[in-house]
Amino acid sequence: MSSSIPARVRFAPSPTGHLHLGGARTALYDYLLARQTGGQFILRIEDTDRKRLVPGAEEEIMAGLRWLGLQWDEGPDIGGPYGPYRQSERKELYQEYARQLIESGNAFYCFCTPERLERVRTEQQKNKIIPHYDGTCRNIDPDEALRRVKAGEPHVIRFKSPQEGSITVKDVLRGEITVENRTIDDYILVKSDGLALYHLAAMVDDHLMKITHVIRGSEWLPTLPLHSHIHRALGWDEPQWVHLSVFLKPTGKGKMSKREAADLIKDGHSIFVKDFNDLGYLPESVVNWITLMGWSYDDHTEFFSLPDLVEKFSLDRLNPSPAAINFTKLDHFNGLHIRDLQVTDFSRRIKPFFVSAGLNPDDATLLKIAPIIQERVATLDEAPEIAGFFFKPTVNPTAEELTAKGLTAAQSADVARKCLSILESVTEMTPEAAEPPMRALVEELGLSAGQVFGIVRTAVTGQRVSPPLFESMEIIGKTEVLKRMRLAISLLDAAG
RNA sequence: GCCCCCAUUGUCUAGUGGCCUAGGACGUGGCCCUCUCAAGGCCAAAACUCGGGUUCGAAUCCCGAUGGGGGCACCA
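The first sequence lines up with residues 36 to 531 when you count with my numbering.
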């Protein structure tokens, strides 16, 4: 248990694309900390960049969080005591604090044109020095600057980074980080259109929303000193800073590119939360999986439900090193969680996959097949592949598929005929009634169970791999089983 | 180029100076179970990046190198 003080944490995505695994993990940790401490999990939309806004992205992010089971307590859709929760609706707030920063000498108006800045940057790059603001407007007399602003001259507001000394900031995972102030650029806080940038907007919101822990990706580590400076300049206490490691591609070599991310779907994988449901993954599995990429409970426990995690999560067991995404392990967790499901729940969850496979599953049959396929699928979408024959009017195996290993087609037909007569004579098509005489036949024929049952399996299911034969035949029913057997025999006879 | 972060088997990780002949999991190989496929059980191979310190003692602390990652926008 990391803290008994109620934590107020926020997940603050920008609506510029899909919710991906990295964001999902951040949101998950936010959620866990909030629930564990009896605090609040806040959803804030960082949409200050109107140009990059993607229609529908906000809704997709919310749908993704809901799918994972991470319901927020305050957010743009449900409001809350510290709203609005969309930065585009908080513009005036940021301007007010920018003014404060200017008045206290911690920020300044900058009138440099983008063109000039671009020239300076290319010059700096040519001379192999760190691209940074050259300080042209830093020392314009404040009254003079104000006069130019009032006169309507285009301008931005920049943070006036201290030029001497150093700053030490504490990250929960990495301890104290110290950097020289001169390496911190005079970042732009407010754009020429009057909208604040992340560096100002997020700090203002975190403070106003009383955020206690800022959990975010490690890509923010380089600007952490800036953020700390802003808090201090405004006279605010800082939240706990928690910078999570990044997710690397499966090879462990670098972040996944857009192209690579899009290509994953061909292998039944994805890094976008929106895709996992259709790929047959349970939200429980995804949660379990991403939790363990960067966090551990002890040296052996790996199976967790969301409520487990609420109880067991702790910030001090977070791991700062980058983690390669391992989809094989997701499959493993998915199998574990599938088998952990109640049978009725499992049957309910596989239904849509039969439907999208073009089949017409009825709930009663679904409930019967659920227990015999539950431990045979790694992902839900495999259900119709392994059990689709239950809902098909006919199955069409080839004579070759029907022929048992080590036997000819004619011999297999013979075996099938003997099986048929046993199955015909059986009073009930149950494993109890059908299996003993079938086993006796195997014995009598001197063949292996695999050879004999294999012929029946293929005849009845149309597949060489299927759920247990006798249980399957019981579900299909005697009439249909006999029908399929007769068809198989005729197929075999034709080939022999 | 500059700044920051990270460093245990192929991968996710445990390990916070002696309990480590380094533990667990996925994957891999073998065996068992077995009507196929799974599931399950058992076994095996597989790691402390390197070099210096500190210490009686280092995977664990310090320094350096190397490697990897991230950042250097009027994006977030």
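For glycine and all other residues, C-beta sits at the position ideal for the given N, C-alpha and C.
* **Inter-residue Cα distance where the pair is leucine 340 and tyrosine 120** => In the sequence on display, residue 340 carries serine and not leucine. Each residue's alpha carbon lies about 29 Å from the other.
* Asked: Do the region 188-199 and the region 97-106 meet, that is, are 3 or more Cβ pairs less than 8 Å apart?
  -> no
* **Proximity to aspartate 82 [Cα-Cα], best of Gln75, Gly73, Asn174 and Glu93** => Glu93
* **Simplified DSSP state of serine 38, which is helix, strand or coil** => Unreliable placement is indicated for serine 38, whose pLDDT of 48 sits below 50; the coordinate value is still reported in the next sentence. If DSSP states are grouped into helix, strand and coil, serine 38 belongs with coil.
* In the DSSP assignment, what residue or residues form a beta bridge with glycine 252? -> Per DSSP, Leu279.
* Asked: CB glycine 329 to CB serine 280, shorter than 8 Å?
  -> yes
* Using DSSP with H/G/I as helix, E/B as strand and the rest coil, what is glycine 109? -> A small correction: the amino acid at residue 109 is glutamate; glycine does not occupy that position in the sequence shown. Note: glutamate 109 maps to strand in three-state DSSP.
* Asked: Where does aspartate 397 land, buried or exposed, given buried means 16+ other C-beta within 10 angstroms?
  -> Classification for aspartate 397: exposed.
* Asked: Roughly how many angstroms lie between the CA atoms of arginine 43 and leucine 136, to the nearest whole one?
  -> Taking the straight line from one Cα to the other gives about 26 Å.
* Going straight from the alpha carbon of valine 207 to that of glycine 393, what length do you get? -> 51 Å
* Any idea what DSSP makes of isoleucine 212, helix, strand or coil? -> strand
* Using the rule of at least 16 other Cβ atoms within 10 Å of the residue's Cβ for burial, across every protein chain shown, is alanine 268 buried or exposed? -> So alanine 268 ends up on the buried side.
* To do: Specify the secondary structure class of arginine 22 as computed by DSSP and reduced to three states.
  => A question about residue 22 goes unanswered here, because the residues of the chain that appear run from 36 up to 531.
* **When Arg87, Phe146 and Arg383 are compared against serine 49, the one with the closest alpha-carbon** => Arg87
* To do: Could you say if the region 145-159 and the region 106-124 meet the contact criterion of at least three C-beta pairs nearer than 8 Å?
  => no
* To do: Assign arginine 193 to one of two classes, buried (16 or more other C-beta atoms within 10 Å of its C-beta) or exposed (fewer than that).
  => buried
* Asked: Looking only at its own chain, which residues have a Cβ that is under 6 Å from the Cβ of phenylalanine 424, when we skip the five neighbours before and after it?
  -> Val430, Thr496 and Gly497
* Please say whether isoleucine 524 and alanine 475 have beta carbons closer to each other than 8 Å? => no
* To do: Buried or exposed for alanine 133, please, with buried defined as at least 16 other CB atoms from any protein chain shown within 10 angstroms of its CB.
  => buried
* Does the pairing of the region 305-324 with the region 50-60 give three or more beta-carbon distances under 8 Å? -> yes
* Asked: Do glycine 110 and glycine 252 have their CB atoms nearer than 8 Å?
  -> no
* Which residues in the same chain as glutamine 446 place their Cβ atom closer than 7 Å to its Cβ, once the five residues preceding and following it in sequence are excluded? -> none
* Can you tell which of Thr218, Lys226 and Gln75 has its C-alpha closest to the C-alpha of glutamine 130? -> The closest CA to that of glutamine 130, considering only Thr218, Lys226 and Gln75, is found on Lys226.
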